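Contents: one structure, followed by commentary.
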Amino acid sequence: MKKIFTIVACCLLTFMVVAENKDKIEIPLRFDRYYTYEDVVEALKLLHSTYPQLTKLDLVGKSEEGREIYALTINNPKTGEPLTKPGVYIDGNIHGNEIQAGEVCLYFANMLLTKYSDNDKITKVVDKNAYYIIPVVNVDGRYHFFKDAQTSSSDRSFRIPKDDDRDGLVDEDGPDDLDGDGNICMMRIKDPLGNYKTDPEDNRLMIPVKPGEKGEWTLLGEEGIDNDGDGKINEDGEGYFDANRNWGYDWQPNYVQSGAGSFPLEALGIKAIAAYIHQRPNIIVNFAFHNSGGMWLRAPSIKEEKVDPRDVAVYDLIGKNATKITPGTVYQPSYDLYDTHGDSDSHMFFLEGSYTFVGELFMRSQETYRDNINKPLTPASDSESSSSRRGGNPEESREQLKFNDYLGLNELYKPWKPFKHPTYGDIEIGGWVKMSGRLPHPFMLPDLVHRNAMVVLYAAEQTPEISMEIFDVKEIGKNLHQVRIRLKNEKGLPSMSSKAMSTKLYTPDMLKVTGAKVVASGKITDIRTNKISYQEHKPEIIYTSVPSYGYSEYQFLVEGKGEVKVNYISRKAGNIVKTLKL
Amino acid sequence: MSKKIHSTLWVLLLIAFYSTLFAQTGITFDKYKTNAEVQKALLSLQEKSPSRTAIHQIAQSPGGEPINVLEIGKELKNVPAIFVGANFEGKTPLSTEGALYLAKMLLDSVRYTQNVKWFILPLPNPDATVGYFSKVKWERTVNDFEVNDDKDDQINEDGPDDLNGDGWITQMRVEDPEGTFIVSDKDPRIMVKADPSKGERGKYKIYPEGIDNDGDGEINEDGPGGINVGINFPHLFKSNLKETGLWPGQAPEVYGIMKFVYSHPEILMAYTLGTSDFCMATPRVGRKGGANMESIKVPARFASRLGVDPEKTFTMAEVVELFKSSMPSRPGREMTAETIIDMLGLGAAVNPMEEDLKFYSDFSDKYKAYLKARGCSTDRMVADPDKDGSFELWAYYHLGVPSFSMNLFTPPVKPAEPRTRESFQRDPTSRTVVTDDKDKNIMAYIDNKLKGEGFVKWQPFNHPSLGKVEIGGIVPFVTSTPPPTKIDSLCKAQLPWLLTLSTKLPDLHLMKEVVTDLGAGVYRLEFFVENKGVLPYPTAMGSRNKQPAPVILILEGENLEFLEGYKRTPLGDFGGNQVRKITFTIKTDKKTILEAHIESVTFNPEVKQIKIGG
Chain A
1 MKKIFTIVAC
11 CLLTFMVVAE
21 NKDKIEIPLR
31 FDRYYTYEDV
41 VEALKLLHST
51 YPQLTKLDLV
61 GKSEEGREIY
71 ALTINNPKTG
81 EPLTKPGVYI
91 DGNIHGNEIQ
101 AGEVCLYFAN
111 MLLTKYSDND
121 KITKVVDKNA
131 YYIIPVVNVD
141 GRYHFFKDAQ
151 TSSSDRSFRI
161 PKDDDRDGLV
171 DEDGPDDLDG
181 DGNICMMRIK
191 DPLGNYKTDP
201 EDNRLMIPVK
211 PGEKGEWTLL
221 GEEGIDNDGD
231 GKINEDGEGY
241 FDANRNWGYD
251 WQPNYVQSGA
261 GSFPLEALGI
271 KAIAAYIHQR
281 PNIIVNFAFH
291 NSGGMWLRAP
301 SIKEEKVDPR
311 DVAVYDLIGK
321 NATKITPGTV
331 YQPSYDLYDT
341 HGDSDSHMFF
351 LEGSYTFVGE
361 LFMRSQETYR
371 DNINKPLTPA
381 SDSESSSSRR
391 GGNPEESREQ
401 LKFNDYLGLN
411 ELYKPWKPFK
421 HPTYGDIEIG
431 GWVKMSGRLP
441 HPFMLPDLVH
451 RNAMVVLYAA
461 EQTPEISMEI
471 FDVKEIGKNL
481 HQVRIRLKNE
491 KGLPSMSSKA
501 MSTKLYTPDM
511 LKVTGAKVVA
521 SGKITDIRTN
531 KISYQEHKPE
541 IIYTSVPSYG
551 YSEYQFLVEG
561 KGEVKVNYIS
571 RKAGNIVKTL
581 KL
Chain B
1 MSKKIHSTLW
11 VLLLIAFYST
21 LFAQTGITFD
31 KYKTNAEVQK
41 ALLSLQEKSP
51 SRTAIHQIAQ
61 SPGGEPINVL
71 EIGKELKNVP
81 AIFVGANFEG
91 KTPLSTEGAL
101 YLAKMLLDSV
111 RYTQNVKWFI
121 LPLPNPDATV
131 GYFSKVKWER
141 TVNDFEVNDD
151 KDDQINEDGP
161 DDLNGDGWIT
171 QMRVEDPEGT
181 FIVSDKDPRI
191 MVKADPSKGE
201 RGKYKIYPEG
211 IDNDGDGEIN
221 EDGPGGINVG
231 INFPHLFKSN
241 LKETGLWPGQ
251 APEVYGIMKF
261 VYSHPEILMA
271 YTLGTSDFCM
281 ATPRVGRKGG
291 ANMESIKVPA
301 RFASRLGVDP
311 EKTFTMAEVV
321 ELFKSSMPSR
331 PGREMTAETI
341 IDMLGLGAAV
351 NPMEEDLKFY
361 SDFSDKYKAY
371 LKARGCSTDR
381 MVADPDKDGS
391 FELWAYYHLG
401 VPSFSMNLFT
411 PPVKPAEPRT
421 RESFQRDPTS
431 RTVVTDDKDK
441 NIMAYIDNKL
451 KGEGFVKWQP
461 FNHPSLGKVE
471 IGGIVPFVTS
481 TPPPTKIDSL
491 CKAQLPWLLT
501 LSTKLPDLHL
511 MKEVVTDLGA
521 GVYRLEFFVE
531 NKGVLPYPTA
541 MGSRNKQPAP
551 VILILEGENL
561 EFLEGYKRTP
571 LGDFGGNQVR
581 KITFTIKTDK
591 KTILEAHIES
601 VTFNPEVKQI
611 KIGG
């Protein structure tokens, strides 16, 4: 008897351990699951403790609800301090519901660290750059997305209350999980005068009625009641404070840009992250991951803003390759989606001089159930426009529902069920759940995070690699030497954006000759015809930048003898020192 | 006899009483104050009236200076507030004195602090005041924030230098074949731009006094400091220009002020003491850009959805109706003018709203009459125009409150001379050579009122890189900063106007109610709510930006059922002296006593009991 008991106890114990291990966080990290806010923090701490030489974990700041915002730095100290290398910055989940953005960041970090020294490609990019990774910007949002009932689109906001309906109360009437299933679904009511009827092809769906057709349903909006008794339902939910409209560049007040907040960098987390970035002026390329539409967006975010064609060419290099690494995505300027003010991408490009991409991760079109993957469901013209990439049409909805049935384990959709609503009476609640619509089913997550991390990796490979060649040193007079220097960039990102150069955003690259008197210096504009554009003042320093996949050449006329030092000092492309004997 | 002694005693007592009153606010106005002295003055005001005041530290300058606000009022809770900021650019010490003087007036008499409290910020840009208080004076406007102005290899390496050792940074003129300036034929001390159309040819180049410390060919291009607090606010902010900073609020002073102001939604009005003057003239109009709300074209991408012609123009009200009919509101996003302006990308307002200009020009006329009545001349040089990124514009455009600025001193002009606005348009951030007219006025002021002091005679100097130059010109601060002996009289004459304006604030009250018995326990309830103030609530700008806090009428009671209306009713906009009716239809019984509240963070709470049965 005792034996049996022991066996049962052992079995139970084993079962419990297995159950506990289901979500255990281990290195390498798993990506067939979603990480809660607490999981993300634990994963970051584990990455750091597993790779203490290659990583640093910084507490960037705290959120409105006191949660910690962490940044993981990946840098090989043997190849230099972070600030002496090009910086690659990635963040995600600035909108609380866009959680897989955090997984992309975690995956990227996990890939660099676990494959370092095993894989040459990874080893090389880890050695050349410094990486700054903030997987979760909206830490409160991520926490509440998991914990509270939500739609797939709700909980974007930071925890800064706003009186949306201007009734003197803040955030008092958001959606309510009436049926207690952890989701905010939709409410509908039987209505012969309604705009919708049951879809004859799938009775779980509704389609709009055509003129003259009899209606069957009226959609009442998201699940909720009139919490504040003002005759309106769900009119003042969380926020709305959109942290991706609260950055400093081109910040506009709420009446111009919804969600902007009261003033730039009002959100604690955004202020802290903006400072964190500002203290890392080596950042030359950055990605901000969001979750809807399958788009790679580049600066600028308003149409009127001009970007130099040379910068567009750099963006194109990465953006066009990104659409092949992540098939089905499009690459376009941010304003093609819609104009935004105070977004992080413009802040990064215009004020920090970093080439910046927004990765909109989720693609509804990948939730496929059909015999021919290449045959589009909808006419091509429609599916090309940005807005249609985010919205469903009846055929897409039907396919999505079949996807739910045959691939999604019925986890994405709640069938309509009757409910007694305090205001509306007999209604039905049902529809798409929180973990649908903008989030891939976990079985698709490994593919998503890998492909998108590979886009970041490609950009990281393209950070400038500058070499200095002192190629033509000769004495051209008594004690006077001509010293020619070539700076060559082997990669696609220039050492400084054209925009930063033209707006005089910061001190450009410096080419400095010390150790002897520099009589004159200038850029060689045509080496074959010996044309040099001499500068009027301070010949010992030339301010310059090195173009994408290109070179530039300089001449110094140096008086004297002995050892001369040539310094190339760049904010974003590293430093080089060479000495030469005259 | 005893009666006489008695009355004498009374007089003595009265004298003693008043002298203690004055002793209470015993700060003096015989010199301009450094930030340390300003902070001491704030502290002494606070310590002498502890129950009516509070000090809030709202920021620290990059130079480590404290930035404090003094709160003054009979009540510090549940009352509307006026925010007073002075000397944002740091180069008008007189305006700092003005703010302290105002604080003293508010503490000397309780008259203007009965139903309103005040936030006084005398010196938001202390780092810049080094320009006035150091041995060598120059009109510095930037704080100590680290900015590499010329984007070279050094920071703050090429500031002004007092080459002739006279304690002022004036100007240098040097003969140069490429020069564009000549000596004025009207006054040989003044330099004017040569006019080639009149056959004139430039002879001189003009530089600020200094040397090319870093040898880059530029003089004084990277002096100490970084951001001008007075142009780092968000409205019309321009990034990365001279002294602006990279983003609004990059200066910690500005961030601190914005944070403080937004945590005090009870602020109903803002005053700025400094360089512009909205008391004398309205805020600037006629800026290009900005949406005309009466003539809106619907962008093509919405036009097709709404089924309208993208070339046709609509009023805002029409556009709202169009959107309401074809696009359903979604949670958190009602189809209002605000959300539609956002969706259509109509952008920010850049000119004052027509409705608001009415009160601005009305008060401007009254202010001039007020000055006249006090024997103050209005024949003075026109104040600087408002600047992009300034506090006073931000207060109006973003907070949506009446924003009045006051410039306490500009040099007088001869009444006969015609004044034109154009003649005073000059680069707001540097004091390079200005036009003939303006200089002539300044020279007349220097000659007549300052006995010639205020101008440095052009004297030869051997400059290390420019060679033979002459140093001279108008002394810094002359046009903005009169001798300290004038502080008291200037403040005394002009500042009471700001007290007068404070009595014009909107003031919402339940005026009366009418109960009509409709039978069967159904009643119609009509509330008349009045704005007793001259100023509207909110301003037209506040109505557009939806920033001023809402005012809610709350109706409560037992056995109360609403047939029409709700328990909480936002009252909407009120013009000055306007009365508006709010109607409810309710079901209740005769004995019910209802309570009506006016609830708002901006106004004093008000409660009224209504007996339904009379």
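Chains as they are written, first to last, in our numbering: chain A, 1 to 582; chain B, 1 to 614. Cβ coordinates follow ideal geometry from the N, Cα and C atoms, glycine included. Predicted model, so just to flag it, every value in this text is computed and none were measured.
C-beta neighbour in chain B for residue i, strict 7 angstroms
i, result
"SER388 of chain A", "Only weak support is given to the placement of SER388 of chain A: the predicted model assigns it a pLDDT of 45, under 50, and the question is left unresolved by the model."
"ARG166 of chain A", "yes"
"LYS147 of chain A", "no"
"ASP230 of chain A", "yes"
"LYS255 of chain A", "Reading off the sequence, residue 255 of chain A comes out as Tyr, not Lys. For TYR255 of chain A, the answer is yes, since a Cβ of chain B falls inside 7 angstroms of its Cβ."
"GLN252 of chain A", "yes"
"THR503 of chain A", "yes"
"THR507 of chain A", "yes"
Contact with chain A by residue i, beta-carbon distance below 7 angstroms
i, result
"GLN425 of chain B", "Legend: pLDDT at GLN425 of chain B = 49, less than 50; position of this residue unreliable, value from coordinates given subsequently. So, not an interface residue."
"GLY249 of chain B", "yes"
"PRO550 of chain B", "yes"
"GLU321 of chain B", "no"
"LEU273 of chain B", "no"
"TYR537 of chain B", "no"
"ALA81 of chain B", "no"
Residue nearest to residue i in terms of C-alpha spacing, selected from the options
i, options, result
"GLN609 of chain B", "B:VAL514, B:SER197, B:MET381", "B:VAL514"
"PHE111 of chain A", "A:ARG451, A:GLY522, A:GLY212", "Checking the sequence shown, residue 111 of chain A turns out to be Met, not Phe. It is A:ARG451."
"MET501 of chain A", "B:GLU139, B:ASN240, B:THR180, B:LEU106", "B:ASN240"
"ARG140 of chain B", "B:VAL285, B:ASN87, B:HIS235, B:SER184", "B:ASN87"
"GLY256 of chain B", "A:GLU266, A:VAL256, A:TYR255", "A:GLU266"
"ARG438 of chain A", "A:ASP426, A:THR356, A:GLY293, A:GLY259", "A:GLY293"
"ASP228 of chain A", "B:LYS567, B:LYS117, B:PRO460, B:THR96", "B:LYS567"
"PRO460 of chain B", "B:LYS449, B:LEU450, B:GLY454, B:GLY472", "B:GLY472"
Length of the line joining the Cα atoms of residue i and residue j
i, j, result
"ASP384 of chain B", "LEU45 of chain B", "31 angstroms"
"ALA41 of chain B", "MET280 of chain B", "29 angstroms"
"ASN246 of chain A", "ASP195 of chain B", "48 angstroms"
"TYR329 of chain A", "MET363 of chain A", "In the sequence on display, residue 329 of chain A carries Thr and not Tyr. Straight-line Cα distance between these residues: approximately 8 angstroms."
"GLY613 of chain B", "ASP517 of chain B", "9 angstroms"
"ASP488 of chain B", "THR92 of chain B", "15 angstroms"
"GLU157 of chain B", "PHE350 of chain A", "26 angstroms"
"ASP30 of chain B", "LEU100 of chain B", "12 angstroms"
"SER397 of chain A", "MET206 of chain A", "10 angstroms"
"ARG486 of chain A", "VAL40 of chain A", "46 angstroms"
"PRO578 of chain A", "ARG30 of chain A", "Strictly speaking, residue 578 of chain A in this sequence is Lys, with Pro absent from that position. Roughly 46 angstroms separates the two Cα atoms."
"GLU470 of chain B", "MET510 of chain A", "36 angstroms"
"ASP166 of chain B", "LEU508 of chain B", "58 angstroms"
For the region 258-271 of chain A, list every residue whose C-beta sits within 7 angstroms of some C-beta in chain B, in sequence order. Those residues of the region 258-271 of chain A placed with their C-beta closer than 7 angstroms to a C-beta in chain B are SER258, SER262, PHE263, PRO264, LEU265, ordered along the chain.
Which residues, taken in chain order from the region 535-552 of chain A, show a beta carbon closer than 9 angstroms to some beta carbon of chain B? Flagged, chain order: GLU536, HIS537, LYS538, ILE541, TYR543.
By the 7 angstroms beta-carbon criterion, what residues does the region 540-568 of chain B contribute toward chain A? ARG544, ASN545, LYS546, PRO550, ILE552, TYR566, LYS567, ARG568: these are the residues of the region 540-568 of chain B whose beta carbon lies less than 7 angstroms from some beta carbon of chain A, given in chain order.
Which runs of the beta strand (DSSP E), 3 residues or longer, sit entirely within the region 178-250 of chain B? With a minimum length of 3 residues, the continuous beta strand (DSSP E) runs that stay inside the region 178-250 of chain B are 181-183, 191-193, 204-208.
My parser needs the beta strand (DSSP E) runs of 3 or more residues fully inside the region 484-527 of chain A; what are they? Counting only runs of 3 or more, we get 509-514, 517-526.
Suppose only complete runs of 4+ residues qualify. What are the alpha helix (DSSP H) ranges in the region 475-503 of chain B, listed by chain order? Runs of the alpha helix (DSSP H) inside the region 475-503 of chain B: 487-494, 496-502.
Contact residues within the region 141-153 of chain B, judged by C-beta distance below 9 angstroms to chain A: Residues of the region 141-153 of chain B whose Cβ lies closer than 9 angstroms to any Cβ of chain A, in chain order: ASN148, ASP150, LYS151, ASP152, ASP153.
Along the chain, which unbroken stretches of the alpha helix (DSSP H) at least 4 residues long are found entirely within the region 38-120 of chain B? Entirely contained in the region 38-120 of chain B, the alpha helix (DSSP H) runs reaching 4 residues are, in chain order, 93-108.
Contact set between the region 228-249 of chain B and chain A, restricted to residues whose Cβ is under 7 angstroms from the partner: Taking 7 angstroms as the Cβ-Cβ cut-off, the region 228-249 of chain B approaches chain A at PRO234, SER239, ASN240, LEU246, TRP247, PRO248, GLY249, given in chain order.
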